[in-house]
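Written below as C-alpha cells is the structure these notes are about.
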Amino acid sequence: MTRTGAFTLVLGLGSLLGPLGFLKAAEPPLRARVTEALRRATDGFRTEVAAEGGYLWRYTADLSYREGERPATATMVWVQPPGTPSVGLAYLHAFAATKDPFYRDAAREVARALVKGQLRSGGWDYLIEFDPKLRARYAYRVDPGPGGKQNVSTLDDNTTQEAVRLLMRVDQALEFRDQAIHEAVEYALSRLIEIQYPNGAWPQRFTNPLDPAPFPVKKASYPESWSRTYPGKDYKTFYTLNDNAISDTIDVMLEASKVYANPKYEASAKHGGDFFLLAQMPEPQPAWAQQYDADMHPAWARKFEPPAITGLESQSAIRTLLELYRATGDAKYLEPIPRALAYLRKSRLPDGRMARFYELKTNTPLYFTKDYQLTESDADMPTHYGFKVGDDLDSLGKRYEALRTQGSEKPTPGSAKPRSPSRSSKPASEQVEAIVKALDARGLWSTEGRLKTQPADHPSRRQIDTSLFIKNVKTLCRYLESTRP
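Below you can see the structure in the form of C-alpha cells.
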C-alpha cells in the first residue's frame with residue numbers, strides 16, 4: 001500500500017471513530033426516529049398528562065397547575081377544543097399514518113372518557129368532572145340515579161360537535177364493535193335532530209327540545225328599529241351563527257350520513273342548510289347576521305354583539321353552503337352565494353380586512369369602545385374580541401366557480417371510508433428534527449410560558465400546551481405519510 005493510500009485509509013477510519021477511538025453508532029434514519037418519537041410522545045401524554053383518558057388545555061411543566069378556558073383541577077378534563085376530542089383526533093391521525101393499533105387504542109381511551117361526560121341532554125358541557133362528589137352536580141348519561149341539575153349541552157365553540165366527530169371516527173375505526181361508544185354517538189345524533197328548530201337552525205345551548213309554536217318558519221328581514229344600547233336579554237333560544245355553531249353541526253351531520261349511511265343525518269344537514277337560505281338578509285346587505293330572534297330579525301347577543309351583518313360568520317355561511325352542495329348535489333345551496341360575495345367584496349375595509357359588524361341597511365362598520373359603547377370608530381376597541389376579521393372571499397369565490405363548473409361529489413350511500421386527516425406538503429426535515437429533539441425524558445413537549453392561573457410565586461416558566469402536542473403530532477404524521485415507502 002502506498003503512503004498516500006494508507007493515509008486515506010486512516011482518515012476514513014477516523015471519520016467513523018469518536019475522540020477516544022471507539023466506533024460511533026450510526027444515527028437511525030429520520031423516519032425511524034420520527035416513528036419512535038411519535039410513540040414516545042403519545043405514551044407520555046397518555047401516562048403523564050391524561051386524567052381518565054381526557055385532557056385540559058395547558059399545564060405547568062411540573063404538572064402541578066392546570067387549566068382549560070378557566071382554572072381546572074386534576075379531576076377535570078376539557079371538551080371544548082383544543083381539549084379531549086382534539087387530542088383523540090390527533091391519535092387517530094397517528095393511527096392513519098402508521099397503521100399501529102397502539103394509536104387506535106389511545107383514541108378509544110379518549111372516546112371512553114367522552115362517553116363518561118355525555119349529558120342526558122345528549123351533548124357535552126365545556127368540561128367533564130370525574131370527582132365522584134362533584135360529578136353528582138351533573139346529569140351524566142352513564143351515571144345511575146336521577147343525576148344533577150347541570151344538564152345543558154353546548155354547541156358553542158365546536159364543543160359538542162368535536163366530541164361527536166371524534167366518537168364517530170373511533171366508532172368507525174373500531175368497526176362499530178364498541179357498544180358504549182356506538183350508543184353514545186347514536187344518542188348524541190338523535191338528540192341533535194330532536195332539538196333542531198322548525199326552520200333548520202340549532203340553539204347554541206340545549207337541554208330539551210323546545211315547543212316549536214313560538215318559532216315559525218320565516219325569511220330574515222330588517223327590524224323596523226333596533227336599540228343602540230345593550231338590552232341585556234337572554235339570547236339562548238336565538239338562532240346562532242356565532243362561533244360557527246350551526247356550520248359545525250351541519251358538518252357533523254354530513255359526516256354522520258357518510259359513516260352510518262343513514263338518510264336522516266343528511267336530511268338534518270340539509271335542513272340546517274335551508275336555514276342559511278332563510279337567514280340570508282335581503283338587499284342591500286344579502287349576507288348573514290350573527291344571531292336572529294324568533295321573528296328572524298338580527299338581534300343582540302352579548303354586550304359587544306349587536307344586531308348587524310357580520311363579516312366573519314357570513315364567510316362561514318358561504319363555506320357551509322359550498323360544502324352542502326358538494327356533499328348533496330343540491331344546486332339550491334349555490335344560489336345565494338354570488339350576491340353574498342358581491343356584497344361582501346364591496347364591504348372590505350381600506351386595509352383589506354372585513355369588519356365583524358356592519359350596521360343594518362347603512363353598512364357602516366360598527367365597533368365598541370373598551371367600556372362597551374357602540375361606535376363607528378375603531379380607535380378604542382377591546383382586545384379580547386375580533387372586531388376586524390380576515391378576508392377569505394377570493395378563495396371562496398374560486399371554490400364556488402370550481403363547484404359550479406365541476407359539479408358535486410355526492411358519495412354513494414354506505415361507501416364512506418374512514419376519514420383521513422387532510423394532508424398538506426411534506427414538512428421540512430429541519431422542522432421535524434427539531435420536534436423530535438424537543439421531547440423531554442418523560443416524552444413531553446413543553447414551551448416557554450406561564451398559565452393564567454399560575455400563582456405568581458410558582459417558579460415554573462414553562463408549560464405543557466395541548467395545542468402544541470396536537471400540532472407536533474400532526475407534523476410528525478404528515479412526515480410519515482409523505483415518506484411512506
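Per this note's numbering, residue 1 is the first one in the sequence shown, and the count goes up by one each step.
Where a beta carbon is used, it is the ideal one built from N, C-alpha and C, also for glycine.
If we count the other Cβ atoms within 10 Å of its Cβ and call it buried at 16 or more, is residue i buried or exposed?
{"i": "R461", "result": "exposed"}
{"i": "D62", "result": "exposed"}
{"i": "S425", "result": "exposed"}
{"i": "T447", "result": "exposed"}
{"i": "T466", "result": "buried"}
{"i": "H182", "result": "buried"}
{"i": "H93", "result": "buried"}
{"i": "A256", "result": "buried"}
{"i": "E484", "result": "First, the residue type needs correcting, since residue 484 is Arg and not Glu in the sequence shown. Exposed: under 16 other Cβ atoms inside 10 Å."}
{"i": "R177", "result": "exposed"}
{"i": "N472", "result": "buried"}
{"i": "S493", "result": "Absent from the model: residue 493. The displayed extent of the chain is 1 to 485, so no value can be given."}
{"i": "R478", "result": "buried"}
{"i": "A299", "result": "buried"}
{"i": "D211", "result": "exposed"}
{"i": "K280", "result": "Looking at the sequence itself, residue 280 is Gln, so the reference to Lys does not match. Counting Cβ neighbours within 10 Å, Q280 comes out buried, since at least 16 surround it."}
{"i": "Q179", "result": "exposed"}
{"i": "L396", "result": "buried"}
{"i": "N199", "result": "buried"}
{"i": "R137", "result": "exposed"}
{"i": "Q531", "result": "Here the chain covers residues 1 to 485 and nothing more, so residue 531 does not appear."}
{"i": "D125", "result": "buried"}
{"i": "Y103", "result": "buried"}
{"i": "Y235", "result": "buried"}
Where does residue i fall in DSSP's three states?
{"i": "M381", "result": "coil"}
{"i": "R66", "result": "strand"}
{"i": "P485", "result": "coil"}
{"i": "L119", "result": "strand"}
{"i": "S153", "result": "strand"}
{"i": "V432", "result": "helix"}
{"i": "K471", "result": "helix"}
{"i": "V217", "result": "coil"}
{"i": "R205", "result": "strand"}
{"i": "K452", "result": "coil"}
{"i": "K388", "result": "strand"}
{"i": "P298", "result": "strand"}
{"i": "Q179", "result": "helix"}
{"i": "F276", "result": "helix"}
{"i": "T229", "result": "coil"}
{"i": "S268", "result": "helix"}
{"i": "E186", "result": "helix"}
{"i": "D251", "result": "helix"}
{"i": "R478", "result": "helix"}
{"i": "E401", "result": "helix"}
{"i": "D394", "result": "helix"}
{"i": "S316", "result": "helix"}
{"i": "R442", "result": "coil"}
{"i": "Y103", "result": "helix"}
{"i": "P85", "result": "helix"}
Taking DSSP's pairing of strands, which residues face residue i in a bridge?
{"i": "W57", "result": "DSSP lists no partner for W57."}
{"i": "I309", "result": "A289 and Y358"}
{"i": "Q463", "result": "T60 and T447"}
{"i": "W78", "result": "L127"}
{"i": "L374", "result": "F368"}
{"i": "T240", "result": "Q291"}
{"i": "A51", "result": "G54"}
{"i": "P71", "result": "E67"}
{"i": "Y140", "result": "L119"}
Rounded to the nearest angstrom, how far is the Cβ of residue i from that of residue j, given a contact under 8 Å?
{"i": "E69", "j": "R58", "result": "Not quite, the Cβ-Cβ distance comes to about 10 Å (not below 8 Å), so this is no contact."}
{"i": "F357", "j": "P286", "result": "Incorrect: roughly 16 Å between the Cβ atoms, too far for contact."}
{"i": "G54", "j": "V34", "result": "At roughly 26 Å, the Cβ-Cβ gap does not stay under 8 Å, so G54 and V34 are not in contact."}
{"i": "A486", "j": "L439", "result": "What is shown of the chain runs 1 to 485, which leaves residue 486 out entirely."}
{"i": "T160", "j": "G123", "result": "3 Å"}
{"i": "V252", "j": "V164", "result": "5 Å"}
{"i": "H297", "j": "P223", "result": "4 Å"}
{"i": "L393", "j": "R345", "result": "6 Å"}
{"i": "K303", "j": "Y372", "result": "5 Å"}
{"i": "A201", "j": "I246", "result": "6 Å"}
{"i": "D391", "j": "R353", "result": "6 Å"}
{"i": "S429", "j": "L30", "result": "6 Å"}
{"i": "L324", "j": "L403", "result": "Contact doesn't hold; Cβ gap of about 10 Å is too wide."}
{"i": "R228", "j": "D156", "result": "Their Cβ separation, rounded to whole angstroms, is 26 Å, which puts R228 and D156 out of contact at 8 Å."}
{"i": "R120", "j": "A139", "result": "4 Å"}
{"i": "Y367", "j": "D378", "result": "5 Å"}
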